[in-house]
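S.K.:
Residue numbers (my numbering), protein chains in the order written: chain A, -16 to 128; chain B, 3 to 144.
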């Protein structure tokens, strides 16, 4: 049952990326091109997603536990450390260069495999390097996460 | 249909997916976290991650069956640039503990201070990067 739920969640998420056009890096770059020919449509993706999630989370998080597991896994940290600045800077530069963030990179892998594979494999390498901490000293600060 | 309406529908779907994952499993729908915690996989905590990504990968195929064409994906940049950008996105999201979905959608929705800071920074960094790249006309097609 849990696997069916996570499958369905991934399917709907990816469907949202496709319907909204966020799967297309050219469109994402159009959205990020604030000082050029700005394509505002993706602001509605973010807005719609945050609206629905805020309402849903508010209802769900009042419950003692999720329907299929023992507890909610919500990040508890509130501190602002150097990794929380450096990580998003690196991510933002990479996102701006190509227009792919992690979710669309997975969906685009199927829609356009050849064009997506170099970025996708490099992204997994980057995640592995970040996760395994020995290359990026900054990532040591979140060892517990 | 107007693209703003499609964007709103797509955004609503992304929100529903996040709500579903929280309601049933209690997990935040952060793609970089769901992926990077498979590198390497942790015993007892990997199968739902794999099935989530199976869903992500199946959706474009369903779209293909439904509409007859694959969703449009236009990627510009030569291979070295794509590799550098991929490493930055992968490492940056892990170091910063989240990406557009984890910080940008789920984190903002629960007004997490860390997510608000992270989202502001990666949006700013991305906008500045696009501005600089366009300034130099550096986008080349594959």
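Beta carbons: idealized from backbone N, C-alpha and C, even for Gly.
Would you mind telling me which residues of chain A sit closer than 7 Å to residue 132 of chain B, beta carbon to beta carbon, in chain order?
M.R.: Your numbering for residue 132 of chain B matches position 130 in the second chain. By Cβ distance, chain A contributes 12, 15, 16 and 79.
S.K.: Less than 7 Å separating the beta-carbons of residue 15 of chain A and residue 96 of chain B?
M.R.: Along the first chain, read from residue 1 onward, the residue named residue 15 of chain A stands at position 32. Along the second chain, read from residue 1 onward, the residue named residue 96 of chain B stands at position 94. No, these two residues do not count as a Cβ contact at 7 Å.
S.K.: Drop a sphere of 10 angstroms on the beta-carbon of residue 78 of chain A, count the other beta-carbons inside from all chains shown, and report buried for 16 or more, exposed for fewer.
M.R.: In the first chain, the residue the question calls residue 78 of chain A occupies position 95. Result: buried.
S.K.: Cα separation between residue 17 of chain B and residue 44 of chain B?
M.R.: What you label residue 17 of chain B is simply residue 15 of the second chain in a count that begins at 1. What you label residue 44 of chain B is simply residue 42 of the second chain in a count that begins at 1. Cα-Cα distance, rounded: 27 Å.
S.K.: Look up residue 78 of chain B in the DSSP assignment and say whether it is helix, strand or coil.
M.R.: Position 76 of the second chain, counted from the first residue, corresponds to residue 78 of chain B. In this structure, residue 78 of chain B counts as strand in the three-state DSSP scheme.
S.K.: Would DSSP call residue 126 of chain A helix, strand or coil?
M.R.: On the first chain, residue 126 of chain A is found 143 positions in, with the first residue counted as 1. Only weak support is given to the placement of residue 126 of chain A: the predicted model assigns it a pLDDT of 41, under 50, and the question is left unresolved by the model.
S.K.: Tell me, which residues are paired with residue 80 of chain A by DSSP?
M.R.: On the first chain, position 97 is the one that residue 80 of chain A refers to. For residue 80 of chain A, which the question treats as bridged, DSSP gives no partner whatsoever.
S.K.: Have a look at residue 86 of chain A and residue 36 of chain A and give me their C-alpha separation to the nearest angstrom.
M.R.: Against the first chain, residue 86 of chain A aligns to sequence position 103. Against the first chain, residue 36 of chain A aligns to sequence position 53. The straight-line gap from Cα to Cα measures roughly 17 Å.
S.K.: Measuring only between beta-carbons, confirm whether residue 101 of chain A sits less than 7 Å from chain B.
M.R.: Position 118 of the first chain, counted from the start, is the residue given in the question as residue 101 of chain A. Residue 101 of chain A counts as touching chain B.
S.K.: Looking only at its own chain, which residues have a Cβ that is under 7 Å from the Cβ of residue 125 of chain B, when we skip the five neighbours before and after it?
M.R.: Here residue 125 of chain B refers to the residue found at position 123 of the second chain. Closer than 7 Å at the Cβ level, and outside the excluded window around residue 125 of chain B, lies no residue.
S.K.: Have a look at B/112, B/122, B/73 and B/85 and flag the residue whose alpha-carbon is nearest the alpha-carbon of residue 98 of chain B.
M.R.: Sequence index remark: in the second chain, residue 98 of chain B carries index 96 (1-based). Among B/112, B/122, B/73 and B/85, the Cα nearest to that of residue 98 of chain B is on B/122.
S.K.: Between residue 137 of chain B and chain A, is the shortest Cβ-Cβ distance under 7 Å, so that the two count as touching?
M.R.: As a position in the second chain, residue 137 of chain B is number 135, starting the count at 1. No, residue 137 of chain B lies away from the interface with chain A (no Cβ there is under 7 Å from its Cβ).
S.K.: Could you tell me which of B/127, B/68 and B/61 sits nearest to residue 93 of chain A, measuring between CA atoms?
M.R.: Sequence index remark: in the first chain, residue 93 of chain A carries index 110 (1-based). Selected option, being the one with the closest Cα: B/61.
S.K.: Residue 43 of chain B by DSSP, collapsed to three states: which one?
M.R.: In the second chain, the residue the question calls residue 43 of chain B occupies position 41. Residue 43 of chain B falls in the strand class under three-state DSSP.
S.K.: Counting contacts by CB-CB distance shorter than 7 Å, is residue 65 of chain A in contact with chain B?
M.R.: Walking along the first chain from the start, residue 65 of chain A turns up at place 82. Answer no: the Cβ-Cβ gap between residue 65 of chain A and chain B never drops below 7 Å.
S.K.: On a CA-only basis, which of B/137, B/14 and B/21 is nearest residue 50 of chain A? Give me that one, please.
M.R.: Numbered from 1 along the first chain, position 67 holds the residue referred to as residue 50 of chain A. Here the closest residue by C-alpha is B/21.
S.K.: Output yes or no for whether 7 Å exceeds the beta carbon distance between residue 69 of chain A and residue 6 of chain A.
M.R.: Your numbering for residue 69 of chain A matches position 86 in the first chain. Your numbering for residue 6 of chain A matches position 23 in the first chain. Not in contact: residue 69 of chain A and residue 6 of chain A (Cβ atoms no closer than 7 Å).
S.K.: Could you name the residues of the segment 67 to 81 of chain B whose beta carbon sits closer than 8 Å to any beta carbon of chain A, in the order they occur along the chain?
M.R.: Cβ contacts with chain A: 72, 73, 74, 75, 76, 77, 78, 79 and 81.
S.K.: Report yes or no: do the segment 38 to 49 of chain A and the segment 60 to 76 of chain A share at least 3 C-beta pairs separated by less than 8 Å?
M.R.: These segments do not touch.
S.K.: By the DSSP assignment, the alpha helix (DSSP H) with residue 10 of chain B in it spans what residues?
M.R.: Along the second chain, one-based indexing puts residue 10 of chain B at 8. Residues 5 to 27.
S.K.: Taking Cβ-Cβ distances shorter than 8 Å, what residues in chain B pair up with residue 8 of chain A?
M.R.: As a first step, residue 8 of chain A must be located in the first chain, where it is residue number 25. Neighbours of residue 8 of chain A on chain B, chain order: 75, 76, 77 and 78.
S.K.: Using 8 Å for Cβ pairs, my map puts residue 57 of chain B next to residue -3 of chain A. What's the rounded Cβ distance?
M.R.: Numbered from its first residue, the second chain carries residue 57 of chain B at position 55. Numbered from its first residue, the first chain carries residue -3 of chain A at position 14. About 7 Å separates the two Cβ atoms, so the contact holds.
S.K.: Does residue 129 of chain B have its Cβ less than 7 Å from a Cβ in chain A?
M.R.: The residue you call residue 129 of chain B lines up with position 127 of the second chain. Yes, residue 129 of chain B counts as interfacial toward chain A.
S.K.: How far does the alpha helix (DSSP H) with residue 129 of chain B in it extend, from its first residue to its last?
M.R.: The residue you call residue 129 of chain B lines up with position 127 of the second chain. Run containing residue 129 of chain B: 115 to 137, per the alpha helix (DSSP H) assignment.
S.K.: With respect to 6 Å, is the separation between the Cβ of residue 41 of chain A and the closest non-hydrogen atom of the ligand SAM below this value?
M.R.: Only the bare structure without any ligand can be found here, which leaves the ligand SAM out of the picture.
S.K.: Can you say whether residue 102 of chain B is buried or exposed, counting buried as having 16 or more other CB atoms within 10 angstroms of its CB?
M.R.: Within the second chain, numbered from 1, the residue matching residue 102 of chain B stands at position 100. Burial call: buried.
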